[in-house]
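Numbering (UniProt numbering), first residue to last: 1 to 302. From the three backbone atoms N, C-alpha and C, an ideal C-beta is built for every residue, glycine too. Since the model is a prediction, treat every value here as computed from it, not as a measurement. All remarks here apply to the structure that follows.
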């Protein structure tokens with residue numbers, strides 16, 4: 001009898017970068033994930049966070065002929081419950097920083113609905129429905145979905161959508177998406193999208209993908225660069241026992257989590273994780289010498 005596949009998460013793949021190679025290498029990584037997805041189906045499904053990630057993506061992708069923008073389907077890993085043109089909107093940040101500069105079809109980008117901004121629970125529910133509509137076709141033979149009169153009416157919480165790639169940041173407190181240290185949402189194990197109105201970082205009202213969705217992705221990549229990130233990166237990768245939110249992102253095999261960090265002093269962990277550093281399966285720049293004076297770009301907090 002063939003043994004059941006292991007459900008033990010793979011160790012994180014760490015990728016140390018000099019700052020002037022971050023954007024190009026991230027672009028290579030995204031394009032490789034895109035090609036792997038399109039070799040199996042007609043879409044490349046992606047979830048992104050906000051912050052400075054958009055600037056890195058625009059630098060690494062906008063001039064690349066290999067990007068098949070018309071195949072991209074984009075969701076947001078979390079969102080602030082504000083109008084889409086609000087300064088705090090992740091949609092606005094990513095749209096102005098990246099998508100307004102590339103030929104991606106508008107209908108392929110999925111922002112939150114702004115019809116019920118005074119009801120974050122409804123905003124989260126509507127966003128979950130957007131996810132269901134996108135991923136339903138991939139699971140129609142699965143008991144995951146229920147039908148009534150030929151229509152999709154609900155889901156069984158034992159299964160979750162599988163994004164091809166989720167791109168995340170890590171905050172200085174270890175949060176990712178809108179999953180904050182000590183918050184009850186860290187225990188959520190059934191919904192796809194949840195909400196909170198007590199975020200410790202303003203704005204307080206947000207929606208977020210949950211761990212079951214993050215941990216069912218094919219690939220999750222953290223981009224954690226900047227002088228303000230070095231201490232938290234060390235905690236996240238050297239001390240998983242702390243249970244900080246970013247360290248709880250552990251995709252179920254064959255899913256894999258990656259970390260792109262800046263190789264300078266303490267911005268790269270000193271533990272056994274350093275021995276696990278490995279090049280990804282595409283052309284990457286050589287690592288700088290340990291005494292390199294290259295620094296990390298300053299980044300916006302997530």
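Contact under 9 Å by Cβ, residue 108 with residue 70: yes
Residue 35 burial status per 10 Å Cβ neighbour count (16 or more: buried): exposed
Residue interval of the beta strand (DSSP E) (run including residue 16): 13 to 17
Spatial neighbours of residue 304 in its chain, beta-carbon cut-off 8 Å, leaving aside the 5 residues before and after: Nothing about residue 304 can be reported from this structure: the residues present for the chain run from 1 to 302 only.
C-alpha gap between residue 271 and residue 238, whole angstroms: Interpretation of residue 271 is limited by its pLDDT of 42, a score under 50 that renders its predicted location unreliable; no figure is taken from the coordinates.
Closest by C-alpha distance to residue 159, when choosing among 166, 136 and 165: 136
Residues of its chain near residue 27, where Cβ-Cβ distance is below 7 Å and the 5 sequence neighbours each way are ignored: 60, 61 and 64
Element boundaries [alpha helix (DSSP H), containing residue 122]: 120 to 135
The region 10 to 22 contacting the region 35 to 53, beta-carbon criterion three pairs below 8 Å: no
For residue 206, the residue or residues it bridges with in DSSP: 80 and 196
Sub-9 Å separation of residue 180 and residue 201 beta-carbons: yes
Spatial neighbours of residue 251 in its chain, beta-carbon cut-off 6 Å, leaving aside the 5 residues before and after: 215, 217, 220 and 257
N- and C-terminal bounds of the alpha helix (DSSP H) containing residue 230: 230 to 238
Own chain, CB closer than 8 Å to residue 68, minus 5 neighbours either side, in chain order: 34, 38 and 44
Cβ distance (whole Å) where residue 131 is taken to contact residue 161 below 8 Å: 6 Å
Through-space distance from residue 236 to residue 242, alpha-carbon basis: 8 Å
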